[in-house]
Structure formats: C-alpha cells, structure tokens
Amino acid sequence: LDRKVRQNNWEESNFINYKKMSENLAIVRARLNRPLTFAEKILYSHLDDPHGQEIERGVSYLRLRPDRVACQDATAQMAILQFMSAGMPSVANPTTVHCDHLIEAQIGGAKDLARAININKEVYDFLASACAKYNIGFWKPGSGIIHQILLENYAFPGGLLIGTDSHTPNAGGLGMAAIGVGGADAVDVMANLPWELKAPKVIGVKLTGQMSGWTAPKDIILKVADILTVKGGTGAIVEYHGPGTETISATGMFWLTYPHATICNMGAEIGATTSVFPFNDRMYDYLAATKRTEIGDFARSYAQELREDKGAEYDQLIEINLTELEPHINGPFTPDLATPISKFAETAKKNGWPEELKVGLIGSCTNSSYEDMSRAASIARDALNHGLKAKSLFTVTPGSEQVRATIARDGQLQTFEEFGGVVLANACGPCIGQWDRQDVKKGEANSILSSYNRNFTGRNDGNPATHSFVTSPDLVVALSIAGTLSFNPLKDKLKDKDGNEFLLAAPTGNALPERGYDPGENTYQAPPADRASVQVQVSPTSDRLQVLSPFNAWDGKDALDMPILIKAKGKTTTDHISMAGPWLKYRGHLDNISNNMLIGAINEANGEANKVKNATTSDFDAVPAVARDYKAKGIKWVVIGDWNYGEGSSREHAALEPRHLGGLAIITRSFARIHETNLKKQGMLPLTFSDPADYDKIKPDDRIDLLCTGLAVGKPFTMVVHPKDGKPFEVQLSHTFNEAQIEWFKNGSALNTMAKANK
Ligand code: F3S
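Numbered by UniProt numbering, the letters in the sequence shown go through residues 34 to 792 in order.
1. Could you have a look at T108 and say whether DSSP puts it in helix, strand or coil?
2. If you measure from the beta carbon of Y273 to each beta carbon in chain D, is any gap under 7 Å?
3. Between A332 and G491, what straight-line distance do the alpha-carbon atoms span, to the nearest angstrom?
4. So if I measure from each beta-carbon to every heavy atom of the ligand F3S and keep distances below 7 Å, which residues remain?
5. Is DSSP giving T290 helix, strand or coil here?
6. Does the beta-carbon of H84 have 16 or more other beta-carbons within 10 angstroms, so that it is buried, or is it exposed?
7. Could I get the ranges of all uninterrupted alpha helix (DSSP H) runs contained in the region 69–156, with 4 residues as the minimum, in chain order?
8. Counting C-beta neighbours from all protein chains within 10 Å, is the total for N711 16 or more, i.e. buried, or is it exposed?
9. Of the residues S162, V124, N42 and I49, which one's Cα is nearest the Cα of S572?
10. Where does T290 land, buried or exposed, given buried means 16+ other C-beta within 10 angstroms?
11. Do you know offhand how far L446's Cα is from S402's?
12. Taking only runs of the alpha helix (DSSP H) that begin and end inside the region 451–539, which ones reach a length of at least 4 residues, in chain order?
13. Suppose the cutoff is 6 Å on Cβ atoms and the five residues either side in sequence are ignored; what does the same chain contact list for I673 look like?
14. What do you reckon, are the CB atoms on K530 and G393 nearer than 7 Å?
15. What residue range is occupied by the uninterrupted alpha helix (DSSP H) comprising D218?
16. Within the same chain, show all residues whose beta-carbon is closer than 8 Å to that of A283, passing over the 5 residues directly before and after it, in chain order.
17. In its own chain, which residues sit with a C-beta less than 6 Å from the C-beta of A783, not counting the 5 before and 5 after it?
18. Can you give the beta carbon distance from L390 to L512, rounded, assuming they're within the 8 Å contact cut?
19. In the DSSP assignment, find the beta strand (DSSP E) that holds G674 and state where it starts and stops.
20. Alpha helix (DSSP H) containing F377: first to last residue?
21. Rounded to a whole number of angstroms, what is the C-alpha to C-alpha distance between D608 and P657?
22. Could you say which of N225, T241 and T70 lies nearest to P127 if we only look at CA atoms?
23. Closest by CA to E685, which one among R437, M630 and G266?
24. Measure the C-alpha to C-alpha separation of C297 and N66 and round it to an integer number of angstroms.
25. Short check: CB of P368 to CB of A258, under 7 Å?
26. Along the chain, where does the beta strand (DSSP E) containing E272 start, and where does it finish?
27. Decide if the region 575–593 is in contact with the region 462–477; the criterion is three or more beta carbon pairs, one per stretch, under 8 Å apart.
28. Under 8 Å by Cβ, that's how I've got G432 and G177 pegged, so tell me the actual separation to the nearest angstrom.
29. Determine whether the beta carbon atoms of L240 and G277 lie at a separation below 7 Å.
30. On a Cα-Cα basis, can you pick out the residue from A413, V567, N555 and Y550 that is closest to V510?
31. Would you tell me roughly how many angstroms separate the C-alpha atoms of G396 and T504, rounded to the nearest one?
32. Mind checking whether L184 and A109 have CB atoms under 7 Å apart?
33. Quick one: is D314 buried, meaning 16 or more other Cβ sit within 10 Å of its Cβ, or exposed?
34. Quick check on E379: buried or exposed, where buried means 16 or more other Cβ atoms within 10 Å of its Cβ?
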C-alpha cells in the first residue's frame, strides 16, 4: 500500500492514500470490535480523528477528510466566491468545476452550446479564471455532465468525494462514497476544515439472480425507489452486495460496471446520503478502459477493504432477485411511483395519464454509458430495419464529450439521427429544465418519458401539466417508436412499413467500446504553472457576480436595543428564506440575491409574507428593504423563528443573506441542523428558546438585547426583551456552539477563522 498511485490522469501530485486509510481503519476496528459494512469502511478510513471520534450510526457526527471536491457551474459560483474571501492562495484539497447546468436545449448540440457560451460568458470567464488562480481543474462547457466526468476521470474505489449536486452519488459506480452537499460544505473542504456528516445508517440491498431481456440496471433502482419511497433512504447509505453485484447477466451483456453508477445516481431519489457497490472485476475493466489500470491494480491490493466484512450488519435489509425483476416505469410527478411494464398501459388508462407519448429523452448523467447508448441504438436500428422511426419527438443527451465522440465514431449517434432523434449538447439540458420546449403549450397535459432520474412537477419543461416518467433508455426508445404509453415491447407487436406485424428484439450492446473510448475534443483546462499572475475576472458592473468581502469580526460588545426584523410564524424553510426560481440567476451576486431574503416567511404580526414594519419609521415595507434600511442606519437586527427553522435544501444563501444585510441572531424554537451550522459558519448567532413556549412571549414590536459577551460552550445565553409597553424581562436561550465555532463568531465567519490560522 506504500505505492504512489495518482488519483487520476490530470493531476500530478494528488495520490490515493490506501495506506493511511487502512491505518485509520485498523484504529477504528480495534475500538468498535465488530464487522464493518463497506460504507462504514470508506467513511471511517477518512476520519479526521480515528482515535477520538465518537461513532454510532445514526447518532454521532463524523468529522471527515474527503479526498476530493467537485462543483457544477451553478453552485460553484458562490462556493468559489466564498472561498476567495478566505484569502488563501489555492484550494487545500483537489477540486474540479464542471460547466453543465447552464446550457439550454433548443435545436441541437453545437448551436445550443455556442449560444450558452455567449449568454453565460461572464460566469464561464469567472469560473475559468478563478479555477486557474486557485488550482482547480476546470471542465469547460461542452465537456459533459459533472457525474459522468467524475466517473470517467476522478472516481476511485474506496475514495470519499463531496460534490455540490444531489446526484454526486453516481461515482458510487466505481466504489467511491460520493456525497451531494451544499456549497458551504464544499467551501469548508476547499479551505481545509474537516467536513461534518451525521454517521449514516446503512441499508443493505442484496442482489441475487441475473437480469435478462428488457430488464435493465435502471430497473433495480426503480424497484428500490418503489420499496423505500422518496424518504426511505434519508440519513442512510445504500450498500449493494450479494452475487448479483458481480455476475454478468444471463445474456452476457450487462457487465454491471457502469450500470452501478445509474443505480447509485438515482439513490438520490430516495433521499439516501449515497449508495455504494463493492469493488469488483467489472470496475477494474472500466478503470482499465478509461486508462487507469494502475488504479485498478492498486485497488486490487486493497480489495479486502473495498467490500463489506463478513457478518456486517445492516440497519435494514432488502433483497432483489434480478431474475424475476421486470422492467419498470416510474412516475408521473414522483420517482417512487413504480409500475411494472406489464401493468403500465392499464394503470395509465385507469389514472387518465395522457396516452400519447410526446417526447422520449435518453442520456443525462443517469444513463449515458456506452452500453446504454448501444442498447438503445440496437432498438432504434431494429425499428429502422422495419422501416419505422420514432413517432414521438426523441432527444439524446450524451453524458460527456467522450461518450458523444465514441458513439459518433461507432455509429450509434447516426442511428439515433436516422431514427429522427435530435442530439443535444453534452450537458444537463432538459433534465434540469434547460429546455426551450415548443411542441406543447404551458398548461397542456401531456406525457414525456426519459432515462433521467428526477421527474417532479415542472422539472423538465416548467409545465406543471407535463406527466414526466422515468425508465431505462431501452423502454424510452421502444415507447417512442410506438408513440404511446400503452405499448409493452415485451408482448405488443408493431406494424412494419408493409403492414406486417413484428416484435421488437430485446436490446443488445457492448459494455465497453471494442476500439476503446474516443476522448473527442479536449475540454479540460488544467491550472497553469504560474497562478500568481492570473486575474480573476469579475466585472464590477455585473449583476450576476460580485466579489465577496470578508464579514466584519464581532465588535466584542453586547448587542442592545435591536429591532425584530420579522417574527416568522410556522414553516420557514430555506426556500422561504432564500427563494429559488428566477432568483437563481443571482446566485453569484450576494447583494442582488439578498433581495429575496425571507420574502416567503409569514409575519406573525399580520399573517402576510414580505410585509414588515420598519421600527425606525413605522412604515410597512418588504423584508429585504427594511433590513437594508437598518443596515444603512447601523442597526443590527434579529429574526424570531418557529420550529425547525431552515429546513429544506442546504442552501448557503439562506445564511449568507441575513449576515450580509446586517442580521446578528436568529432566535427560534428549533433549527434544522444544517441551516444552524451554516449560520454559525457565516458568523451569525443561531439561538433557541430554552423553553419553546417563550416564543409566544415575544411580540414583533419588542426590542431585544443579546448579551453576546456571555457566549460560552454549554452555557445558556441571556436575552433581555423590552416590550413596547411593559417591563423588560429576561428569556433564557440555548445554543450549540463549541469552542471552535465560538471563534467563528468572534472572527466574523468560519472562513475568516481559517484565513487567520493560515496567516
Ligand atoms: Fe444534470 Fe440532471 Fe444529472 S441536472 S447533473 S443531468 S440529474
């Protein structure tokens, strides 16, 4: 294990550290004295303090040292802007940025890409220059979808990666624990802070038997979603094991290498922290095919730790027999509503789902393997041989430039075009709603079928009436030929051009390209040797990007006589605090996006959203406007919140905005933990009522003193309330600050603290 094996073919000095990982594991093993699951092995081998770390699945918070960070272009903007404010010369851990989310599908790959490069020029220029400056690998627009690029280049067995995108778990296809996180977490790891994760529970999925015919790996996860539902994986890692993870399927076609990735990718749909497959020969073959034989060999020497221990116990166990597994279609509107193909036509009819299939879409990060494309093309070719083309509109989104170039060379792409397909850019496109769809009007009920992963209302085309279903690429192609949801290719016949009936042949395709992968155009920008002279490009007049200045340190004083900006009633999610939708355009511009701060929260005083009284003028105005007025007048303010304040996605803007607009504390009945931590990171005070009933004692017009000088670990925090009429009274607050986090507050933020330490 002493060998120096590079993590990938792009970076000269980042190595796989199996030696350190095995040493950490030995320490943890001696302490726990029980067999470990593979998921645990990956996490515990990356502990910051294997000796002292408390370890209880589902209970303790692990402090981890991930091997890598990856960001997509939408989330990378604020992450890098924050990182820059720490004043460090380069990222502390290997990081890459991938331009995939901002490319809209209109007419086809090349033109759509050229248009996107033009529209998003300032964002791409910023990311490219910041990556060059801070030693980050930059994948240009057109390179492909983040998860496919990670799989092709960066994932390695036993590694730990965090990525600012929910489908980061895709890299589990190569035995890596890859976890989707918010931007704040990515910044921590870039800046060398340990990364915190609640020790996940482990759900075991035992695969037995062998797949055949029309059943595809996608059906495994469609079935798992059916069993576990969209919430069933929350707080857990899904660990696949058993003979079905190894075996080539009965037809000899599925090598279950890349298909692992499809299954792990869509584990995000059941809320799982991530999903993993044990290292096997199929992964070795894929590593070899992607020019990483040395990593494959190194992994073989560490193989006993790249799978579960004998007797490892799971918190929950599911068994799936692949021999009996039917092809499934999941949806509409939710990925866990699974219907086997044999019942689909009938179910669609019963539920009144629009029968005509308007569009079939294959590819995306979920299903872009060479094998996926080859199988899909084999079905399209079968149809063409019978004189048929797609009846539905049909699109192909290659996951990467490498996949696109390889299937262009090997003919599958031409088959899709002959079939009537439009080949879109190597990017997220319709999967993330970047789709200028023209064939139906907004509000018109219609059905679409994709090989993607997520099908929530409006996700693909912004039309709430679109019934979006997810399935394998094979079924997408087959149903696109028939143009209807009521077609079952396993038993329904089609009519060829002469009116003769025929049954489509079951799909076939090579797992790996016989002639190797064609890398296509070079779309990677490595950091230059001389980074000092690189200027990060942010126009001072930009409305999409703004350089962040470090927040001010605490003034060392108690904060007296503060107004309550809003006393929020009921649910206040991160979406209420920092709304998405059109605001996402400003995600790299803190001042502009702050105009959405708390505009969704309900003011207890009047039951309305975004209408609060300005304590200095008594006028009612929008929440951000009042906050700005206080800030301009040098007045700090607080928010009073209800239960589980800040639940929802871990959006860092929800913590950055109140800090930017001059807030000092958020005082609630309780917090969603991630938001609470995010607030601490930005130098704010998340505090809770020691007696939750005290929430009711506070009136929106009261003034607040916070005795910040008394902030100490484990000690209650005192708030003095000055009612408009009546005597001041004290309320006891609680907090969860530890020593290190108190330093964040004192220094103004976690990043300021990091910067100070680095100086
Ligand atoms: Fe992109 Fe869709 Fe995957 S948005 S990262 S292709 S889930």
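Yeah, the Cβ is synthetic: ideal placement off N, Cα and C, and Gly gets one too.
Everything numeric in this text was worked out from a predicted model, so none of it was measured.
In short, the structure shows the following:
1. Your numbering for residue 108 matches position 75 in the sequence shown. Helix.
2. The question asks about chain D, but that chain is absent: this structure has only one protein chain.
3. In the sequence shown, residue 332 corresponds to position 299, counting from 1. In the sequence shown, residue 491 corresponds to position 458, counting from 1. Their Cα atoms are separated by approximately 42 Å.
4. Q105, D133, H134, I178, I179, H180, D198, H200, S397, C398, T399, C461, C464, I465, Y485, N486 and R487
5. Translated into the one-based positions of the sequence shown, residue 290 becomes position 257. Summary for T290: the model assigns pLDDT 47, below 50, so the residue's position carries little reliability, and this model does not support an answer.
6. By 1-based counting over the sequence shown, the position of residue 84 is 51. Flag for H84 reads exposed.
7. 71–77, 106–118 and 142–152
8. Here the question's residue 711 lines up with position 678 in the sequence shown. So N711 counts as buried.
9. In the sequence shown, the residue the question calls residue 572 occupies position 539. It is S162 whose Cα lies nearest to the Cα of S572.
10. Indexing the sequence shown from 1 puts residue 290 at position 257. Unreliable positioning characterises T290 in this predicted model, as indicated by a pLDDT of 47, which lies under 50. The coordinate reading is nonetheless provided below. So T290 ends up on the buried side.
11. Reading the sequence shown from its first residue, position 413 is the one you call residue 446. Reading the sequence shown from its first residue, position 369 is the one you call residue 402. Distance between the alpha carbons of L446 and S402 is about 13 Å.
12. 506–515
13. If you number the sequence shown from 1, residue 673 lands on position 640. If we look at I673 and ignore the five residues flanking it on each side, its Cβ neighbours are I597, K600, I700 and I731.
14. Here residue 530 is taken as the residue at index 497 of the sequence shown, counted from 1. Here residue 393 is taken as the residue at index 360 of the sequence shown, counted from 1. No, the pair does not count as a contact, with Cβ atoms beyond the cut-off.
15. Along the sequence shown, read from residue 1 onward, the residue named residue 218 stands at position 185. It spans G216 to M223 - the alpha helix (DSSP H) in which D218 sits, taken as one unbroken run.
16. Position 250 of the sequence shown holds residue 283. Caution is warranted here: a pLDDT of 45 is assigned to A283, below 50, making its placement in the model unreliable, and no coordinate value can be reported.
17. Numbered from its first residue, the sequence shown carries residue 783 at position 750. Once the five neighbours on either side are set aside, the close Cβ partners of A783 are K714 and W777.
18. Here the question's residue 390 lines up with position 357 in the sequence shown. Here the question's residue 512 lines up with position 479 in the sequence shown. About 5 Å separates the two Cβ atoms, so the contact holds.
19. The residue given as residue 674 occupies position 641 in the sequence shown. G674 -> beta strand (DSSP E) spans W670 to G674.
20. Translated into positions along the sequence shown, residue 377 becomes position 344. It spans I374 to N384 - the alpha helix (DSSP H) in which F377 sits, taken as one unbroken run.
21. For the purposes of this step, residue 608 is identified with residue 575 of the sequence shown, where counting begins at 1. For the purposes of this step, residue 657 is identified with residue 624 of the sequence shown, where counting begins at 1. In a straight line, the C-alpha of D608 is about 15 Å away from that of P657.
22. On the sequence shown, residue 127 is found 94 positions in, with the first residue counted as 1. Residue N225 is the option with its Cα nearest to P127.
23. Within the sequence shown, residue 685 is the residue found at index 652, counting from 1. Ranking R437, M630 and G266 by Cα distance to E685 puts M630 first.
24. On the sequence shown, position 264 is the one that residue 297 refers to. On the sequence shown, position 33 is the one that residue 66 refers to. Cα to Cα, C297 sits roughly 29 Å from N66.
25. Within the sequence shown, residue 368 is the residue found at index 335, counting from 1. Within the sequence shown, residue 258 is the residue found at index 225, counting from 1. Their beta carbons are under 7 Å apart, which means P368 touches A258 by this criterion.
26. Your numbering for residue 272 matches position 239 in the sequence shown. Looking at the DSSP string, the run of the beta strand (DSSP E) that includes E272 is A269 to H274.
27. no
28. By one-based count along the sequence shown, residue 432 stands at place 399. By one-based count along the sequence shown, residue 177 stands at place 144. Yes, G432 and G177 are in contact; Cβ-Cβ is about 6 Å, under 8 Å.
29. For the purposes of this step, residue 240 is taken as residue 207 along the sequence shown, with counting starting at 1. For the purposes of this step, residue 277 is taken as residue 244 along the sequence shown, with counting starting at 1. Result yes, Cβ atoms of L240 and G277 sit closer than 7 Å.
30. For this step, residue 510 is matched to residue 477 along the sequence shown. Nearest option by C-alpha distance: A413.
31. Position 363 of the sequence shown, counted from the first residue, corresponds to residue 396. Position 471 of the sequence shown, counted from the first residue, corresponds to residue 504. Their Cα atoms are separated by approximately 11 Å.
32. Numbered from its first residue, the sequence shown carries residue 184 at position 151. Numbered from its first residue, the sequence shown carries residue 109 at position 76. Going by C-beta atoms, L184 is not nearer than 7 Å to A109.
33. The sequence position of residue 314 within the sequence shown is 281, counting from 1. The residue in question, D314, is exposed, as its Cβ has fewer than 16 Cβ neighbours within 10 Å.
34. Taking the sequence shown and counting its residues from 1, one reaches residue 379 at position 346. Exposed: under 16 other Cβ atoms inside 10 Å.
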